[in-house]
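Enquirer: In the numbering used here, the protein residues as written are 634 to 1132.
What follows is a single structure, and I will ask about it in a moment.
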(Lines of atoms letter the chains of each structure in order from A and count residues from 1; the text may use other names and numbers.)
(Lines give C-alpha, C1' and ligand atoms only; values in the text may rest on other atoms or scores of the structure.)
Protein backbone atom coordinates (compact mmCIF):
# COMPACT_ATOMS: atom_id res chain seq x y z
CA UNK A 1 0.00 0.00 0.00
CA UNK A 2 1.56 3.26 -1.10
CA UNK A 3 1.85 6.15 1.29
CA UNK A 4 0.38 9.42 0.08
CA UNK A 5 2.71 12.40 -0.05
CA UNK A 6 2.22 14.66 2.97
CA UNK A 7 0.57 17.98 2.25
CA UNK A 8 2.23 21.27 2.97
CA UNK A 9 0.49 24.08 4.77
CA UNK A 10 0.78 26.20 1.65
CA UNK A 11 -1.10 23.74 -0.56
CA UNK A 12 -4.35 25.17 -1.84
CA UNK A 13 -7.58 23.26 -1.30
CA UNK A 14 -11.10 23.47 -2.64
CA UNK A 15 -13.20 25.87 -0.56
CA UNK A 16 -14.82 23.86 2.22
CA UNK A 17 -18.21 25.55 1.64
CA UNK A 18 -18.25 24.15 -1.89
CA UNK A 19 -17.45 20.65 -0.64
CA UNK A 20 -20.14 20.88 2.04
CA UNK A 21 -22.78 21.81 -0.56
CA UNK A 22 -21.96 18.68 -2.56
CA UNK A 23 -21.95 16.61 0.63
CA UNK A 24 -25.43 17.72 1.61
CA UNK A 25 -26.71 17.28 -1.95
CA UNK A 26 -25.43 13.71 -2.31
CA UNK A 27 -26.56 12.58 1.15
CA UNK A 28 -30.01 14.18 0.73
CA UNK A 29 -30.40 12.58 -2.72
CA UNK A 30 -29.53 9.19 -1.25
CA UNK A 31 -32.10 9.63 1.54
CA UNK A 32 -34.79 10.70 -0.94
CA UNK A 33 -34.09 7.69 -3.16
CA UNK A 34 -34.52 5.38 -0.17
CA UNK A 35 -37.85 6.97 0.73
CA UNK A 36 -38.92 6.61 -2.91
CA UNK A 37 -37.85 2.97 -3.22
CA UNK A 38 -39.59 1.99 0.02
CA UNK A 39 -42.75 3.88 -0.98
CA UNK A 40 -42.79 2.12 -4.36
CA UNK A 41 -42.35 -1.32 -2.80
CA UNK A 42 -45.13 -0.67 -0.31
CA UNK A 43 -47.39 0.67 -3.06
CA UNK A 44 -46.83 -2.33 -5.32
CA UNK A 45 -47.43 -4.74 -2.45
CA UNK A 46 -50.63 -3.01 -1.37
CA UNK A 47 -51.68 -2.46 -4.98
CA UNK A 48 -51.61 -6.16 -5.82
CA UNK A 49 -53.66 -7.05 -2.78
CA UNK A 50 -56.14 -4.21 -3.34
CA UNK A 51 -56.17 -4.23 -7.15
CA UNK A 52 -54.51 -0.81 -7.52
CA UNK A 53 -52.63 -0.39 -10.80
CA UNK A 54 -48.98 0.63 -10.70
CA UNK A 55 -49.50 3.85 -12.77
CA UNK A 56 -51.44 5.32 -9.83
CA UNK A 57 -48.23 5.50 -7.79
CA UNK A 58 -47.70 9.27 -7.99
CA UNK A 59 -51.32 9.99 -7.22
CA UNK A 60 -51.08 7.62 -4.31
CA UNK A 61 -47.94 9.39 -3.03
CA UNK A 62 -49.51 12.85 -3.31
CA UNK A 63 -52.45 11.63 -1.27
CA UNK A 64 -50.13 10.48 1.52
CA UNK A 65 -49.58 13.94 2.96
CA UNK A 66 -48.42 12.47 6.26
CA UNK A 67 -45.53 10.71 4.51
CA UNK A 68 -44.59 13.85 2.62
CA UNK A 69 -44.44 15.76 5.90
CA UNK A 70 -42.22 13.02 7.37
CA UNK A 71 -39.81 13.22 4.41
CA UNK A 72 -39.53 17.01 4.67
CA UNK A 73 -39.08 16.84 8.45
CA UNK A 74 -36.43 14.13 8.04
CA UNK A 75 -34.36 16.21 5.63
CA UNK A 76 -34.67 19.35 7.77
CA UNK A 77 -33.70 17.40 10.91
CA UNK A 78 -30.56 15.81 9.53
CA UNK A 79 -29.42 18.49 7.11
CA UNK A 80 -30.16 21.66 9.10
CA UNK A 81 -30.43 20.60 12.75
CA UNK A 82 -27.99 17.70 13.02
CA UNK A 83 -25.75 18.98 10.18
CA UNK A 84 -24.52 15.47 9.43
CA UNK A 85 -21.89 16.70 6.97
CA UNK A 86 -20.39 19.08 9.53
CA UNK A 87 -20.88 17.38 12.89
CA UNK A 88 -19.34 14.06 11.90
CA UNK A 89 -19.49 11.11 14.27
CA UNK A 90 -17.79 7.72 14.52
CA UNK A 91 -19.55 4.95 12.56
CA UNK A 92 -21.34 3.20 15.41
CA UNK A 93 -22.39 6.48 17.05
CA UNK A 94 -23.80 7.72 13.74
CA UNK A 95 -25.60 4.40 13.16
CA UNK A 96 -27.14 4.61 16.64
CA UNK A 97 -28.30 8.16 15.93
CA UNK A 98 -29.81 7.03 12.63
CA UNK A 99 -31.67 4.05 14.15
CA UNK A 100 -33.02 6.11 17.05
CA UNK A 101 -34.18 8.84 14.63
CA UNK A 102 -35.94 6.30 12.37
CA UNK A 103 -37.77 4.79 15.34
CA UNK A 104 -38.80 8.25 16.55
CA UNK A 105 -40.05 9.28 13.10
CA UNK A 106 -41.90 5.96 12.79
CA UNK A 107 -43.96 6.75 15.89
CA UNK A 108 -44.53 10.31 14.68
CA UNK A 109 -45.80 8.85 11.40
CA UNK A 110 -48.06 6.51 13.37
CA UNK A 111 -49.57 9.50 15.17
CA UNK A 112 -50.06 11.40 11.89
CA UNK A 113 -51.84 8.40 10.36
CA UNK A 114 -54.32 8.43 13.22
CA UNK A 115 -54.80 12.21 13.19
CA UNK A 116 -54.89 12.94 9.45
CA UNK A 117 -56.52 9.77 8.13
CA UNK A 118 -58.28 8.37 11.16
CA UNK A 119 -56.68 4.95 10.67
CA UNK A 120 -54.70 2.57 12.83
CA UNK A 121 -51.27 1.21 11.98
CA UNK A 122 -51.21 -1.07 8.96
CA UNK A 123 -48.91 -3.57 7.34
CA UNK A 124 -47.83 -0.80 4.99
CA UNK A 125 -46.66 1.32 7.91
CA UNK A 126 -44.62 -1.55 9.36
CA UNK A 127 -43.15 -2.41 5.94
CA UNK A 128 -42.21 1.22 5.32
CA UNK A 129 -40.21 1.66 8.49
CA UNK A 130 -38.64 -1.79 8.50
CA UNK A 131 -37.52 -1.07 4.94
CA UNK A 132 -36.07 2.27 5.99
CA UNK A 133 -34.24 0.67 8.92
CA UNK A 134 -32.52 -1.67 6.48
CA UNK A 135 -31.98 0.59 3.47
CA UNK A 136 -31.22 3.97 5.07
CA UNK A 137 -27.92 2.90 6.72
CA UNK A 138 -26.94 1.24 3.43
CA UNK A 139 -27.72 4.44 1.49
CA UNK A 140 -25.70 6.54 3.93
CA UNK A 141 -22.76 4.17 3.52
CA UNK A 142 -22.97 4.34 -0.27
CA UNK A 143 -23.25 8.13 -0.18
CA UNK A 144 -20.13 8.28 1.98
CA UNK A 145 -18.25 6.01 -0.43
CA UNK A 146 -19.27 8.19 -3.37
CA UNK A 147 -18.10 11.34 -1.61
CA UNK A 148 -14.77 9.69 -0.78
CA UNK A 149 -14.34 8.58 -4.41
CA UNK A 150 -15.04 12.15 -5.55
CA UNK A 151 -12.51 13.52 -3.01
CA UNK A 152 -15.28 15.56 -1.40
CA UNK A 153 -15.39 13.96 2.04
CA UNK A 154 -11.81 13.94 3.31
CA UNK A 155 -10.69 16.91 5.37
CA UNK A 156 -6.96 17.57 5.76
CA UNK A 157 -6.52 17.64 9.52
CA UNK A 158 -3.93 19.19 11.81
CA UNK A 159 -3.42 18.03 15.40
CA UNK A 160 -1.90 20.61 17.73
CA UNK A 161 -0.04 18.68 20.41
CA UNK A 162 3.00 16.50 20.84
CA UNK A 163 2.16 14.34 23.84
CA UNK A 164 0.18 11.25 24.80
CA UNK A 165 -3.17 12.94 24.20
CA UNK A 166 -2.18 13.92 20.65
CA UNK A 167 -1.07 10.36 19.83
CA UNK A 168 -4.29 8.92 21.31
CA UNK A 169 -6.26 11.39 19.17
CA UNK A 170 -4.41 10.25 16.06
CA UNK A 171 -5.19 6.61 16.86
CA UNK A 172 -8.87 7.44 17.42
CA UNK A 173 -9.24 9.36 14.15
CA UNK A 174 -7.44 6.64 12.21
CA UNK A 175 -9.74 4.00 13.71
CA UNK A 176 -12.74 5.83 12.16
CA UNK A 177 -11.73 6.58 8.54
CA UNK A 178 -15.38 7.18 7.67
CA UNK A 179 -15.26 10.45 9.58
CA UNK A 180 -12.98 11.76 6.85
CA UNK A 181 -10.43 13.43 9.13
CA UNK A 182 -7.21 12.81 7.20
CA UNK A 183 -4.44 13.73 9.64
CA UNK A 184 -1.53 15.31 7.78
CA UNK A 185 0.33 17.22 10.49
CA UNK A 186 1.24 17.40 14.10
CA UNK A 187 1.93 20.97 15.16
CA UNK A 188 4.15 21.49 18.19
CA UNK A 189 2.35 23.85 20.61
CA UNK A 190 4.09 27.08 21.59
CA UNK A 191 6.11 27.14 24.81
CA UNK A 192 5.43 28.96 28.05
CA UNK A 193 7.96 31.18 29.79
CA UNK A 194 8.94 30.92 33.46
CA UNK A 195 5.90 32.98 34.51
CA UNK A 196 3.48 30.72 32.70
CA UNK A 197 2.82 33.14 29.83
CA UNK A 198 2.42 31.57 26.41
CA UNK A 199 5.00 32.69 23.86
CA UNK A 200 2.86 32.48 20.72
CA UNK A 201 5.31 34.34 18.52
CA UNK A 202 8.32 32.19 19.36
CA UNK A 203 8.57 29.21 16.99
CA UNK A 204 9.64 25.82 18.28
CA UNK A 205 12.01 23.54 16.39
CA UNK A 206 10.21 20.84 14.45
CA UNK A 207 10.19 17.41 16.00
CA UNK A 208 11.11 14.27 14.11
CA UNK A 209 8.07 12.62 12.48
CA UNK A 210 6.34 10.41 15.05
CA UNK A 211 4.17 8.52 12.57
CA UNK A 212 4.72 7.44 9.01
CA UNK A 213 3.27 9.85 6.46
CA UNK A 214 2.66 12.66 8.98
CA UNK A 215 4.78 15.77 9.18
CA UNK A 216 5.57 17.56 12.41
CA UNK A 217 5.67 21.35 12.16
CA UNK A 218 6.39 24.05 14.75
CA UNK A 219 3.62 26.43 15.73
CA UNK A 220 3.79 29.59 13.66
CA UNK A 221 2.02 32.81 14.58
CA UNK A 222 2.62 34.41 11.19
CA UNK A 223 -0.62 35.80 9.69
CA UNK A 224 -0.12 34.09 6.32
CA UNK A 225 0.38 30.71 7.99
CA UNK A 226 -2.66 31.14 10.21
CA UNK A 227 -4.76 32.19 7.23
CA UNK A 228 -3.93 28.95 5.43
CA UNK A 229 -5.22 26.95 8.40
CA UNK A 230 -8.76 28.01 7.41
CA UNK A 231 -8.78 25.23 4.82
CA UNK A 232 -7.88 22.60 7.41
CA UNK A 233 -9.65 20.91 10.28
CA UNK A 234 -7.79 21.75 13.50
CA UNK A 235 -7.78 19.44 16.53
CA UNK A 236 -6.27 20.77 19.75
CA UNK A 237 -5.10 17.77 21.79
CA UNK A 238 -2.90 19.14 24.55
CA UNK A 239 -2.07 17.66 27.93
CA UNK A 240 -3.87 18.45 31.19
CA UNK A 241 -1.12 20.84 32.33
CA UNK A 242 -1.29 22.97 29.15
CA UNK A 243 -4.44 24.91 29.98
CA UNK A 244 -2.99 28.37 29.32
CA UNK A 245 -1.56 27.22 26.01
CA UNK A 246 -4.96 25.90 24.96
CA UNK A 247 -6.65 29.18 25.88
CA UNK A 248 -4.07 31.19 23.94
CA UNK A 249 -4.39 29.00 20.87
CA UNK A 250 -8.18 29.20 20.87
CA UNK A 251 -8.04 32.99 21.07
CA UNK A 252 -5.53 33.17 18.24
CA UNK A 253 -7.51 30.81 16.03
CA UNK A 254 -10.73 32.74 16.69
CA UNK A 255 -9.04 36.05 15.89
CA UNK A 256 -8.06 34.62 12.51
CA UNK A 257 -11.56 33.22 11.84
CA UNK A 258 -10.43 29.59 12.05
CA UNK A 259 -13.64 27.98 13.29
CA UNK A 260 -13.32 24.37 12.13
CA UNK A 261 -11.82 23.29 15.45
CA UNK A 262 -12.19 20.34 17.82
CA UNK A 263 -10.73 20.23 21.32
CA UNK A 264 -9.79 16.86 22.84
CA UNK A 265 -9.46 17.21 26.63
CA UNK A 266 -7.07 14.86 28.41
CA UNK A 267 -9.66 12.64 30.15
CA UNK A 268 -8.24 9.14 29.84
CA UNK A 269 -9.73 6.86 32.50
CA UNK A 270 -12.98 8.86 32.88
CA UNK A 271 -16.26 7.11 31.96
CA UNK A 272 -17.38 8.95 28.82
CA UNK A 273 -20.62 7.28 27.77
CA UNK A 274 -23.73 9.19 28.77
CA UNK A 275 -21.90 11.97 30.59
CA UNK A 276 -23.89 15.17 31.05
CA UNK A 277 -22.28 18.59 30.96
CA UNK A 278 -23.57 21.73 32.65
CA UNK A 279 -22.17 25.22 32.28
CA UNK A 280 -22.47 28.16 34.62
CA UNK A 281 -23.51 31.65 33.63
CA UNK A 282 -20.50 33.99 33.45
CA UNK A 283 -18.10 31.24 34.57
CA UNK A 284 -15.74 29.17 32.44
CA UNK A 285 -16.50 26.01 34.41
CA UNK A 286 -17.88 22.83 32.89
CA UNK A 287 -19.55 20.53 35.39
CA UNK A 288 -19.49 16.96 34.07
CA UNK A 289 -21.80 14.40 35.65
CA UNK A 290 -20.50 10.88 35.07
CA UNK A 291 -22.67 7.81 34.59
CA UNK A 292 -21.44 4.25 35.04
CA UNK A 293 -24.56 2.50 33.81
CA UNK A 294 -23.67 -0.91 35.21
CA UNK A 295 -23.90 0.50 38.73
CA UNK A 296 -27.55 1.40 38.09
CA UNK A 297 -30.05 -1.25 39.27
CA UNK A 298 -32.45 -0.57 36.41
CA UNK A 299 -29.75 -1.06 33.79
CA UNK A 300 -28.52 -4.19 35.56
CA UNK A 301 -32.03 -5.65 35.43
CA UNK A 302 -32.43 -4.71 31.77
CA UNK A 303 -29.12 -6.31 30.81
CA UNK A 304 -30.01 -9.45 32.77
CA UNK A 305 -33.43 -9.71 31.09
CA UNK A 306 -31.80 -9.37 27.66
CA UNK A 307 -29.28 -12.12 28.52
CA UNK A 308 -32.00 -14.44 29.86
CA UNK A 309 -34.26 -14.21 26.82
CA UNK A 310 -31.49 -14.48 24.21
CA UNK A 311 -29.80 -17.43 25.97
CA UNK A 312 -33.08 -19.40 26.06
CA UNK A 313 -33.66 -18.77 22.36
CA UNK A 314 -30.11 -19.76 21.39
CA UNK A 315 -30.05 -22.89 23.57
CA UNK A 316 -33.29 -24.04 21.94
CA UNK A 317 -32.02 -23.40 18.40
CA UNK A 318 -28.62 -25.01 19.05
CA UNK A 319 -29.91 -28.17 20.77
CA UNK A 320 -29.47 -30.39 17.65
CA UNK A 321 -25.83 -29.23 17.38
CA UNK A 322 -25.28 -30.10 21.04
CA UNK A 323 -26.57 -33.63 20.43
CA UNK A 324 -24.16 -34.13 17.49
CA UNK A 325 -21.21 -32.80 19.50
CA UNK A 326 -22.05 -35.14 22.37
CA UNK A 327 -21.41 -38.18 20.20
CA UNK A 328 -18.35 -36.60 18.55
CA UNK A 329 -16.55 -35.39 21.68
CA UNK A 330 -17.17 -38.40 23.95
CA UNK A 331 -15.67 -40.92 21.52
CA UNK A 332 -12.44 -41.05 23.55
CA UNK A 333 -14.31 -41.91 26.74
CA UNK A 334 -13.96 -38.45 28.26
CA UNK A 335 -16.75 -36.08 29.39
CA UNK A 336 -18.66 -33.75 27.05
CA UNK A 337 -18.15 -30.59 29.09
CA UNK A 338 -15.19 -29.06 30.83
CA UNK A 339 -15.72 -26.69 33.73
CA UNK A 340 -13.06 -24.33 34.99
CA UNK A 341 -13.37 -22.10 38.04
CA UNK A 342 -13.47 -18.42 37.10
CA UNK A 343 -14.12 -15.24 39.05
CA UNK A 344 -17.58 -13.77 38.56
CA UNK A 345 -19.35 -10.61 39.56
CA UNK A 346 -18.46 -9.33 43.03
CA UNK A 347 -15.68 -11.94 43.20
CA UNK A 348 -18.06 -14.94 43.38
CA UNK A 349 -16.43 -18.02 41.78
CA UNK A 350 -18.34 -20.14 39.24
CA UNK A 351 -17.74 -23.04 36.87
CA UNK A 352 -17.25 -21.64 33.36
CA UNK A 353 -18.51 -24.33 30.98
CA UNK A 354 -16.97 -25.29 27.63
CA UNK A 355 -17.05 -28.26 25.32
CA UNK A 356 -14.00 -30.37 26.14
CA UNK A 357 -11.27 -29.76 23.57
CA UNK A 358 -8.31 -31.41 25.34
CA UNK A 359 -7.03 -34.93 25.81
CA UNK A 360 -8.23 -36.76 28.91
CA UNK A 361 -4.87 -36.49 30.72
CA UNK A 362 -4.43 -32.78 29.95
CA UNK A 363 -3.14 -31.83 33.42
CA UNK A 364 -0.24 -34.28 33.19
CA UNK A 365 0.62 -33.15 29.66
CA UNK A 366 0.76 -29.50 30.74
CA UNK A 367 2.89 -30.21 33.81
CA UNK A 368 5.37 -32.18 31.73
CA UNK A 369 5.58 -29.47 29.05
CA UNK A 370 6.17 -26.63 31.52
CA UNK A 371 8.84 -28.64 33.31
CA UNK A 372 10.92 -29.26 30.20
CA UNK A 373 10.21 -26.18 28.01
CA UNK A 374 11.24 -22.78 29.48
CA UNK A 375 9.73 -20.86 26.52
CA UNK A 376 6.35 -22.52 27.00
CA UNK A 377 6.54 -21.87 30.75
CA UNK A 378 7.25 -18.17 30.14
CA UNK A 379 4.33 -17.94 27.68
CA UNK A 380 2.02 -19.61 30.19
CA UNK A 381 3.10 -17.32 33.03
CA UNK A 382 2.58 -14.27 30.81
CA UNK A 383 -0.85 -14.95 29.29
CA UNK A 384 -2.16 -18.16 30.94
CA UNK A 385 -2.43 -19.51 27.37
CA UNK A 386 -0.31 -21.49 24.93
CA UNK A 387 -0.51 -20.73 21.23
CA UNK A 388 0.58 -24.26 20.31
CA UNK A 389 -1.03 -26.21 23.14
CA UNK A 390 -0.20 -29.94 22.97
CA UNK A 391 -3.20 -30.76 25.18
CA UNK A 392 -5.70 -29.81 22.45
CA UNK A 393 -6.89 -32.74 20.30
CA UNK A 394 -7.64 -32.48 16.58
CA UNK A 395 -11.41 -31.96 16.88
CA UNK A 396 -10.83 -29.66 19.85
CA UNK A 397 -8.61 -27.47 17.70
CA UNK A 398 -11.52 -27.02 15.27
CA UNK A 399 -13.92 -26.22 18.11
CA UNK A 400 -11.57 -23.57 19.46
CA UNK A 401 -10.84 -21.87 16.17
CA UNK A 402 -14.55 -21.75 15.36
CA UNK A 403 -15.39 -20.69 18.97
CA UNK A 404 -17.99 -23.49 19.13
CA UNK A 405 -16.30 -24.75 22.32
CA UNK A 406 -17.71 -21.71 24.17
CA UNK A 407 -21.38 -22.34 23.35
CA UNK A 408 -22.07 -24.16 26.67
CA UNK A 409 -21.48 -20.83 28.36
CA UNK A 410 -25.03 -20.03 27.28
CA UNK A 411 -25.99 -22.17 30.27
CA UNK A 412 -23.82 -19.92 32.47
CA UNK A 413 -25.63 -16.93 30.99
CA UNK A 414 -29.03 -18.50 31.70
CA UNK A 415 -27.99 -19.22 35.29
CA UNK A 416 -26.75 -15.68 35.80
CA UNK A 417 -23.05 -16.54 36.23
CA UNK A 418 -22.14 -14.79 32.99
CA UNK A 419 -23.51 -12.30 30.48
CA UNK A 420 -23.62 -12.45 26.69
CA UNK A 421 -21.22 -9.48 26.64
CA UNK A 422 -18.79 -8.53 29.37
CA UNK A 423 -15.17 -8.70 30.53
CA UNK A 424 -13.17 -11.81 29.71
CA UNK A 425 -13.69 -14.40 32.51
CA UNK A 426 -10.45 -14.83 34.45
CA UNK A 427 -9.06 -17.11 37.15
CA UNK A 428 -8.28 -15.84 40.63
CA UNK A 429 -4.55 -15.51 39.95
CA UNK A 430 -5.19 -13.16 37.02
CA UNK A 431 -6.93 -10.54 39.17
CA UNK A 432 -3.49 -9.30 40.25
CA UNK A 433 -2.87 -8.29 36.62
CA UNK A 434 -5.83 -5.90 36.80
CA UNK A 435 -4.24 -3.88 39.62
CA UNK A 436 -6.30 -0.70 40.21
CA UNK A 437 -8.83 -1.66 37.51
CA UNK A 438 -9.92 -4.84 39.31
CA UNK A 439 -12.93 -2.97 40.75
CA UNK A 440 -14.29 -2.47 37.24
CA UNK A 441 -13.97 -6.18 36.47
CA UNK A 442 -15.86 -7.15 39.63
CA UNK A 443 -18.74 -4.77 38.81
CA UNK A 444 -19.90 -6.82 35.83
CA UNK A 445 -20.67 -10.42 35.00
CA UNK A 446 -17.98 -11.90 32.72
CA UNK A 447 -19.07 -12.23 29.10
CA UNK A 448 -19.15 -14.93 26.44
CA UNK A 449 -17.83 -12.22 24.18
CA UNK A 450 -16.55 -8.74 24.83
CA UNK A 451 -14.50 -5.82 23.64
CA UNK A 452 -11.29 -7.86 23.93
CA UNK A 453 -12.65 -10.63 21.70
CA UNK A 454 -13.60 -8.23 18.89
CA UNK A 455 -10.43 -6.12 19.17
CA UNK A 456 -7.68 -8.62 18.49
CA UNK A 457 -8.44 -11.40 20.96
CA UNK A 458 -5.31 -13.46 21.72
CA UNK A 459 -3.21 -11.21 19.46
CA UNK A 460 -3.21 -8.32 21.97
CA UNK A 461 -1.11 -8.12 25.14
CA UNK A 462 -2.52 -8.55 28.61
CA UNK A 463 -2.37 -4.87 29.53
CA UNK A 464 -4.57 -4.07 26.53
CA UNK A 465 -7.05 -6.75 27.62
CA UNK A 466 -7.34 -5.08 31.03
CA UNK A 467 -7.85 -1.70 29.37
CA UNK A 468 -10.63 -3.09 27.15
CA UNK A 469 -12.42 -4.70 30.11
CA UNK A 470 -12.26 -1.50 32.17
CA UNK A 471 -13.41 0.62 29.22
CA UNK A 472 -16.40 -1.67 28.65
CA UNK A 473 -17.60 -1.45 32.26
CA UNK A 474 -17.13 2.33 32.44
CA UNK A 475 -18.93 2.98 29.15
CA UNK A 476 -21.55 0.21 29.00
CA UNK A 477 -24.82 0.70 27.16
CA UNK A 478 -27.22 -1.67 25.45
CA UNK A 479 -26.04 -0.25 22.14
CA UNK A 480 -22.46 -1.18 23.08
CA UNK A 481 -23.58 -4.77 23.68
CA UNK A 482 -25.40 -4.90 20.34
CA UNK A 483 -22.34 -3.55 18.51
CA UNK A 484 -20.04 -6.10 20.16
CA UNK A 485 -22.44 -8.97 19.40
CA UNK A 486 -22.63 -7.84 15.77
CA UNK A 487 -18.84 -7.59 15.48
CA UNK A 488 -18.42 -10.96 17.18
CA UNK A 489 -20.11 -12.65 14.22
CA UNK A 490 -17.45 -11.29 11.88
CA UNK A 491 -14.61 -12.21 14.24
CA UNK A 492 -15.88 -15.79 14.60
CA UNK A 493 -16.30 -16.22 10.84
CA UNK A 494 -12.76 -14.91 10.24
CA UNK A 495 -11.41 -16.97 13.18
CA UNK A 496 -9.33 -13.92 14.08
CA UNK A 497 -6.98 -14.41 17.05
CA UNK A 498 -8.55 -17.74 18.03
CA UNK A 499 -6.42 -20.56 19.45
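No residue lacks a Cβ here, since even glycine has one placed at the ideal position from N, Cα and C.
The structure presented is a predicted model; accordingly, all values stated were derived computationally and were not measured.
Could you confirm whether any beta carbon from chain D is found closer than 8 Å to the beta carbon of residue 934?
Expert: Of the chains in the structure shown, none is chain D; there is only one protein chain.
Enquirer: Relative to the C-alpha of residue 969, which residue among 979, 993, 947 and 1049 is closest?
Expert: 993
Enquirer: Would you identify the three-state DSSP class for residue 1116, choosing helix, strand or coil?
Expert: helix
Enquirer: Among 1024, 725 and 1040, which has the Cα closest to the Cα of residue 950?
Expert: 1040
Enquirer: On a Cα-Cα basis, can you pick out the residue from 862, 872 and 1106 that is closest to residue 885?
Expert: 862
Enquirer: How close, in whole Å, do the beta carbons of residue 766 and residue 800 come, if the pair is a contact with beta carbons under 8 Å?
Expert: So it is not a contact: roughly 38 Å between Cβ atoms.
Enquirer: Which residue wins for smallest C-alpha separation from residue 896, given the options 817, 914 and 867?
Expert: 867
Enquirer: Cα-Cα, which of 1062, 1069, 1057 and 1074 is closest to residue 1080?
Expert: 1057
Enquirer: For residue 878, list the residues DSSP reports as bridge partners.
Expert: Answer is none; residue 878 lacks a bridge partner.
Enquirer: How far does the alpha helix (DSSP H) with residue 935 in it reach, from first residue to last?
Expert: 930-950
Enquirer: Does DSSP put residue 722 in a helix, a strand or coil?
Expert: coil
Enquirer: What does a CB cutoff of less than 8 Å around residue 965 pick up in its chain, not counting 5 residues either side in sequence?
Expert: 992, 993 and 1026
Enquirer: If I'm right that residue 907 touches residue 1110 with Cβ under 8 Å, what's the distance once you round it to whole angstroms?
Expert: 7 Å
Enquirer: Contact between the segment 1095-1103 and the segment 1066-1083 is defined here as three or more beta-carbon pairs at a separation below 8 Å; is this criterion met?
Expert: yes
Enquirer: Let's see if you can read the secondary structure: which residues bound the beta strand (DSSP E) around residue 970?
Expert: 970-976
Enquirer: Could you tell me the distance, in whole angstroms, from the CA atom of residue 1014 to the CA atom of residue 1094?
Expert: 13 Å
Enquirer: What are the complete beta strand (DSSP E) segments, minimum 3 residues, inside the segment 963-1041?
Expert: The segment 963-1041 is shown to contain whole beta strand (DSSP E) runs of 3 or more residues at 970-976 and 982-988, in chain order.
Enquirer: Could you give the distance in angstroms between the alpha-carbon of residue 1011 and the alpha-carbon of residue 719?
Expert: 51 Å
Enquirer: Near residue 786, what residues of its chain come up, given a Cβ to Cβ distance below 6 Å and the 5 sequence neighbours on each side ignored?
Expert: 780 and 813
Enquirer: Look up residue 676 in the DSSP assignment and give the residues it is bridged to.
Expert: For residue 676, which the question treats as bridged, DSSP gives no partner whatsoever.
Enquirer: What do you get for residue 823, buried or exposed, if any count of 16 or more other CB atoms within 10 angstroms of its CB means buried?
Expert: buried
Enquirer: Measure the C-alpha to C-alpha separation of residue 783 and residue 789 and round it to an integer number of angstroms.
Expert: Going from the Cα of residue 783 to the Cα of residue 789 covers about 15 Å.
Enquirer: With DSSP as the reference, identify every bridge partner of residue 910, one or two as the case may be.
Expert: 921
Enquirer: My output table needs one value for residue 869: the three-state DSSP class, helix, strand or coil.
Expert: strand
Enquirer: From residue 1096 to residue 927, what does the alpha carbon distance come to, in whole angstroms?
Expert: 22 Å
Enquirer: For the alpha helix (DSSP H) containing residue 851, name the first residue and the last one.
Expert: Residue 851 -> not in any alpha helix (DSSP H); beta strand (DSSP E) instead, spanning 848-851.
Enquirer: For the candidate residues 882, 662, 917 and 1125, whose alpha-carbon lies nearest to that of residue 712?
Expert: 662
Enquirer: Which whole-angstrom value describes the C-beta separation of residue 1087 and residue 1124, a residue pair presumed to lie in contact below a C-beta threshold of 8 Å?
Expert: 5 Å
Enquirer: Would a C-beta distance cut-off of 8 Å place residue 988 and residue 1037 closer than the cut-off?
Expert: Using a Cβ distance threshold of 8 Å, residue 988 and residue 1037 count as a contacting pair.
Enquirer: With 16 as the cutoff for other CB atoms within 10 Å, does residue 875 come out buried or exposed?
Expert: buried
Enquirer: Going by the beta-carbon positions, is the gap between residue 1077 and residue 978 smaller than 8 Å?
Expert: yes
Enquirer: Going by DSSP, what residue range makes up the beta strand (DSSP E) through residue 816?
Expert: 814-821
Enquirer: For a quick check, are the C-beta atoms of residue 806 and residue 821 less than 8 Å apart?
Expert: no
Enquirer: Secondary structure at residue 904, three-state DSSP: helix, strand or coil?
Expert: coil
Enquirer: Could you give the DSSP three-state label for residue 670: helix, strand or coil?
Expert: helix
Enquirer: Should residue 688 be labelled buried (16 or more other beta-carbon atoms within 10 Å of its own) or exposed?
Expert: Low confidence applies here, because residue 688 scores a pLDDT of 46, under 50, leaving its location unreliable; read the following figure in that light. Flag for residue 688 reads exposed.
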